[in-house]
Amino acid sequence: MIVALSIFLITIGSIAFHFWSPWWWTEVASNWGNMDDTILLTFWITGAVFVAICFFVAYCVWKYSYKKERRAEYKPEDKKLESRLTWATAIGVAALLAPGLVVWNQYVTVPENAYKVEVFAYQWGWKYRLPGEDNILGKTDIKYISDENPFGLILEDPNGKDDLLVDEQELHVLKDRPIKFELRTIDVLHNFYVPQFRGKMDMVPGIVTYYWLTPTRVGDFEVLCAEYCGTGHYAMRGRVIVDEEKDYKKWEAKQITFEKMLAKSQNNDNLQLVKKDK
Amino acid sequence: MSDEQDHKLEAKSDYVADASSVSTPDIDAVPEAELPDQELYHSHSWWTTYVFSQDAKYIGIQYALTAIGTGLLGLVLSWLMRIQLAFPGLGWLEPSSYYQFVTMHGMIMVVYLLTALFLGGFGNLLIPLMCGARDMAFPYVNMLSYWAFVVAVIVLLASFFVPGGPTGAGWTLYPPQAITAGTPGYNGGIILMLISLILFVAGFTMGGLNYIITVLQLRARGMTLMRMPLTIWGIFTATVLAMFAFPALLVGCLMMTLDSLLGTSFFMPAMVSLGEKLTHEGGSPILFQHLFWFFGHPEVYIVALPAFGIVSDLLSVHSRKTIFGYRMMVWAIVGIGALSFFVWAHHMYVSGMNPWFGFFFATTTLIIAVPTAIKVYNWILTLWRGNIQLSLPMLFSLGFIVTFLNGGLTGLFLGNVTVDVPLSDTYFVVAHFHMVMGIAPILVIFGAIYHWYPLITGRMMNETLGKIHFWITFLGSYAIYFPMHYQGFVGVPRRYFEIYDSPYIDTSTLLLNKFITIAVLIVGAAQLLFLYNLFASARLGKKSEKNPWKANSLEWQTPQMPPEHGNWGKELPKVYRWPYDFSVPGAKEDYIPQNQPPSEIIGAKVEKT
């Protein structure tokens with residue numbers, strides 16, 4: 001009796017917790033609200049199965065608890081029942097899978113007009129590179145990374161000259177413009193994760209990975225690293241700010257191009273030379 | 279059960295009837311033995327009896343105790359981590375020790391506790407007894423297997439004492455961070471971890487070959503494959519999986535050892551480590567992930583399949599009812615085992631591998647849900663119209679059904695590639711895998727220990743202590759892991775040493791962390807009760823009668839209980855039926871042991887098996 005009752009109460013308690021506990025996802029700030037929808041669909045289907053099976057177990061334990069004089073039913077198989085249950089499960093699983101695959105197809109298909117931004121991860125922080133006026137990110141190679149060239153841009157590639165280098169742990173993005181994050185790391189695995197955006201992808205040294213989204217809500221969001229990357233993993237956080245056009249333009253204007261940065265560091269070198277001469 | 283089997287049996291009895299020209303066919307006929315009786319090693323000294331034992335039963339107990347001892351360390355590590363998470367103000371741990379404890383906890387629990395306990399422990403104890411053999415096929419190799427495991431554990435524990443401490447790379451040991459400077463234990467601890475795993479695989483291979491060959495070659499006369507207890511089917515299939523899966527881990531470990539010690543670049547691309555350019559180039563970190571998960575996913579089933587098998591037997595015995603749909607259960611075990619080699623990359627949806635793989639692996643992963651669901655249905659249909667005894671093994675089995683159901687269903691979230699994107703690397707994952715491959719199998723282990731304890735010691739464990747242990751463990755661990763899923767929805771990432779200044783995380787989430795930690799401490803402490811019961815009952819427990827649960831399978835039918843060396847006295851048992859003939863109409867008792875000849879139970883309406 002107690003056992004049946006507690007299985008019953010656990011089930012009721014789980015449902016109650018689901019509907020009335022304060023812990024739920026953050027308000028979505030990108031076009032991936034349909035990921036939330038697939039989660040909700042999964043909740044309804046699996047939740048129904050969970051409740052049905054738990055109630056069935058509780059009922060059996062209550063109804064068929066041991067009596068010395070009673071015998072259990074002797075029925076090794078029931079082919080009809082087994083095949084019905086198998087088909088019902090297969091249909092339920094297909095109902096979960098199909099919408100999932102549709103959304104995944106959208107997730108891995110980047111729209112052509114997406115604005116490209118490089119996310120540059122290192123132990124333990126973030127930098128960003130914007131493509132500049134030509135809308136093309138210049139090529140890079142890890143062997144060119146130095147104090148003067150922190151992103152390792154290839155100097156011969158003209159497309160890199162106007163790239164905007166953002167080295168302040170803070171990225172601004174424009175609301176309603178599709179954006180493709182090109183994810184790059186120079187050391188270990190990282191993952192560029194903003195809970196409100198829902199998207200995620202590991203960053204792997206040696207290759208450039210990506211995902212895309214369209215920010216849909218103005219706001220100031222925290223960036224977290226979602227792939228373990230060593231002792232400083234928990235502290236590897238930054239900010240992404242979704243702006244309306246006016247604020248975005250203002251921020252963009254403040255960023256400097258690679259070309260200017262190179263010139264500046266050369267000037268610094270010259271100044272130092274001058275100082276030394278003195 | 280199988281039609282083919284029926285046909286063979288009928289043919290056999292006809293033949294016997296003709297040959298002996300007796301009017302009634304010999305209903306007690308069993309096939310002739312195909313191999314001569316096994317010659318056993320007999321120990322002569324205390325050392326060869328109790329330490330370097332070659333008796334599978336002893337080796338099983340040795341395996342189990344070593345695994346439980348190591349598991350206790352894993353438990354203590356989980357306490358330390360949880361205290362840090364709930365009460366960061368105490369300054370209890372450094373980030374580096376937190377990550378080291380996370381890593382060691384994970385690896386210990388998955389490999390050195392669960393795998394060793396299910397296969398090394400229950401495999402050794404139960405395979406010869408349940409199959410009706412005298413011992414494993416190769417007792418000496420079996421002994422070596424255990425001692426290789428001991429050495430592996432010693433090497434693992436030694437990593438706590440090397441400079442830099444144990445590795446803090448996470449139990450998945452992903453390179454490059456596992457062997458580069460930003461991770462604790464990157465040059466000492468990790469090497470010992472890799473060597474320990476290599477030793478474990480070597481030792482396990484010796485044991486595994488034994489389990490497979492014993493099941494295939496040394497079954498008693500009449501014990502057809504489709505008459506084996508599901509426990510044996512589970513352990514057997516899991517061992518076959520291990521034989522295919524562990525080599526992937528082995529080569530992964532070897533290659534990473536070479537990368538770290540000799541400067542090769544299997545997994546290491548050109549990279550800058552904390553401002554310093556390394557000499558590696560051209561390697562692929564994702565290659566390691568493929569190798570790791572090609573082992574890692576079957577590993578989940580290496581733990582789960584024995585649990586599935588054991589819980590089927592416990593449910594059947596303690597509800598006095600035939601297991602429902604035995605043939606489906608066997609095919610589900612085999613099918614899950616085979617499919618488990620085609621789903622590994624569902625751990626890697628957001629790993630940066632070609633995203634188009636997602637379609638394939640999401641589909642295979644959701645297909646595997648079907649045989650798994652069938653198993654759940656058949657467990658609960660075994661309870662239906664049964665005669666359910668709420669003994670300790672039954673309580674733990676019921677606990678298993680609830681937790682496994684919960685953990686299995688959340689697997690449908692993570693396996694479905696799109697749903698995985700927001701949830702991966704959050705506490706939802708932590709909650710899911712602890713529920714499904716932590717709590718659920720451990721509840722089965724407890725049930726199995728309460729069930730088979732009399733077989734080992736000849737005494738029963740204390741029922742009251744056992745009940746207290748059950749309620750705290752079951753309710754407590756549900757209270758730990760059910761709410762933890764919701765932290766994952768909020769977006770709390772896993773493997774975070776602390777996250778207390780994040781704008782999007784409500785203070786109530788932190789309160790939940792405290793609640794979980796308190797539950798962890800209580801559940802952990804309740805295990806001391808179990809340990810006391812385990813050791814004290816060997817002396818103080820009520821003496822058990824022979825076959826205390828009135829079970830049918832062979833391990834309870836030995837001439838002596840507990841069984842002696844060689845298990846079966848002079849003559850090996852003969853098997854006439856499957857182990858699930860409970861509550862057969864027309865039979866005097868509500869159970870018919872597998873070795874009871876049909877001539878002794880005339881009138882019982884047994885279906886042919």
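These protein sequences, in sequence, are chains Z and U. Numbered per this note's numbering, the first sequence spans residues 1 to 278. Numbered per this note's numbering, the second sequence spans residues 279 to 887. Ideal Cβ positions, reconstructed from N, Cα and C, are used throughout, including at glycine. Given the structure is predicted, the values throughout are model-derived calculations rather than measurements.
### Query
Any residues in the segment 106-126 of chain Z with a beta carbon nearer than 8 angstroms to a beta carbon of chain U? Which ones, in chain order?
Correct list: TYR107, VAL108, TYR122, GLN123 and TRP124.
### Message
Would PRO633(U) and ASP703(U) be called neighbours here (beta carbons separated by less than 8 angstroms)?
### Response
no
### Task
Within its chain, find whatever has a CB closer than 6 angstroms to the CB of GLY636(U); leave out the 5 residues flanking it on each side and keep chain order.
TYR627 and VAL695
### DSSP state of ALA121(Z) mapped onto helix, strand, coil
strand
### Message
Can you give me the C-alpha to C-alpha distance between LEU670(U) and VAL595(U), rounded to a whole angstrom?
### Response
Looking at the two C-alpha atoms, the distance is approximately 12 angstroms.
### Task
Identify the continuous beta strand (DSSP E) that holds ASN191(Z) and give its terminal residues.
190-193
### Query
If we count the other Cβ atoms within 10 Å of its Cβ and call it buried at 16 or more, is LYS264(Z) buried or exposed?
With fewer than 16 other Cβ atoms within 10 Å, it is exposed.
### Message
Tell me which residues share the same chain as ALA610(U) and place their Cβ nearer than 7 angstroms to its Cβ, disregarding the 5 neighbours each side in the sequence.
### Response
PRO649, ILE652 and LYS653
### CA-to-CA distance, THR642(U) to SER815(U), given in whole angstroms
Straight across, the Cα-Cα distance linking SER815(U) with THR642(U) is about 46 angstroms.
### Message
So, for ALA865(U): in the same chain, excluding its five sequence neighbours on each side, which residues have a beta-carbon less than 7 angstroms away from its beta-carbon?
### Response
ILE879 and ALA882
### Message
Along the segment 223-252 of chain Z, where does the CB come closer than 9 angstroms to a CB of chain U? Name the residues.
### Response
LEU224, CYS225, ALA226, GLU227, TYR228, CYS229, GLY230, THR231, GLY232, HIS233, TYR234, ALA235 and ARG237
### Residue span of the alpha helix (DSSP H) that contains PHE573(U), given as start and end
Following the DSSP letters along the chain, one finds PHE573(U) inside the alpha helix (DSSP H) bounded by residues 563-596.
### Task
Could you check the C-alpha separation between LYS80(Z) and GLU73(Z) for me, to the nearest Å?
18 angstroms
### Task
Give the residues from the segment 136-157 of chain Z that approach chain U closer than 8 angstroms (Cβ to any Cβ), ordered along the chain.
Going along the segment 136-157 of chain Z in chain order, one finds ILE142, LYS143 and ILE145 with a Cβ nearer than 8 angstroms to chain U.
### Query
Which of the three DSSP states, helix, strand or coil, is assigned to LEU262(Z)?
helix
### Under 7 angstroms (Cβ pairs) to chain Z, residues found in the segment 681-697 of chain U
Residues of the segment 681-697 of chain U with a Cβ closer than 7 angstroms to any Cβ of chain Z, in chain order: LEU683, ASN684, LEU687, LEU690, PHE691, ASN694, VAL695, THR696 and VAL697.
### Message
With a threshold of 7 angstroms (Cβ to nearest heavy atom), would VAL578(U) be considered close to the ligand GTP?
### Response
Summarising the ligand content, the structure contains no ligands, and the ligand GTP is consequently not present.
### Task
For chain B, find out if any of its Cβ atoms is closer than 8 angstroms to the Cβ of SER30(Z); answer yes or no.
Looking for chain B here will not work: the only protein chains present are Z and U.
### Task
Report the three-state DSSP secondary structure of TRP846(U) (helix, strand or coil).
Secondary structure of TRP846(U) (DSSP, three-state): coil.
### Query
If you measure from the beta carbon of TYR193(Z) to each beta carbon in chain U, is any gap under 8 angstroms?
yes
### Message
Between which two residues does the alpha helix (DSSP H) holding ARG817(U) run?
### Response
785-818
### Task
Can you give me the Cβ contacts of GLN123(Z) inside the same chain, cut-off strictly under 7 angstroms, excluding the 5 residues immediately before and after it?
Cβ neighbours of GLN123(Z) beyond the five flanking positions: ASP187, VAL188, CYS229, GLY230 and GLY232.
#### Entry: Endpoints, the alpha helix (DSSP H) within which VAL722(U) is located
718-735
### Task
Can you pull the chain Z residues whose beta carbon is under 8 angstroms from the beta carbon of TYR756(U), in chain order?
ILE10
### Task
Indicate whether PHE724(U) and GLY766(U) have their beta-carbon atoms separated by less than 8 angstroms.
no
### Message
Just verifying my parser: in three-state terms, what is the DSSP assignment at HIS625(U)?
### Response
In the three-state scheme derived from DSSP, where H, G and I count as helix and E and B as strand, HIS625(U) is classed as helix.
### Task
Using a cut-off of 8 angstroms between C-beta atoms, extract the partners of ILE611(U) located in chain Z.
Simply none; closest approach about 15 angstroms.
### Message
Within 10 Å of its beta-carbon, does TYR579(U) have 16 or more other beta-carbons around it, so buried, or fewer, so exposed?
### Response
buried
### Query
Considering only the beta carbon of each residue, do ASN279(Z) and PRO178(Z) sit closer than 8 angstroms?
Absent from the model: residue 279(Z). The displayed extent of chain Z is 1 to 278, so no value can be given.
### Task
Look up PRO771(U) in the DSSP assignment and give the residues it is bridged to.
THR704(U)
### Chain-ordered neighbours of ASP784(U) on chain Z, where CB pairs are closer than 9 angstroms
PRO22 and TRP23
### Message
According to DSSP, simplified to helix, strand and coil, what is PRO99(Z)?
### Response
helix
### Range covered by the beta strand (DSSP E) that runs through CYS225(Z)
219-225
### Task
Quick one: which residues of the segment 42-56 of chain Z get their C-beta closer than 7 angstroms to a C-beta of chain U? List them in chain order.
THR42, THR46, VAL49, PHE50, ILE53, CYS54 and PHE56
### Query
Distance, Cα to Cα, TYR210(Z) vs LEU85(Z)?
41 angstroms
### Message
Below 7 angstroms on C-beta distance, what does VAL93(Z) contact in chain U?
### Response
LEU644, ALA647 and VAL648
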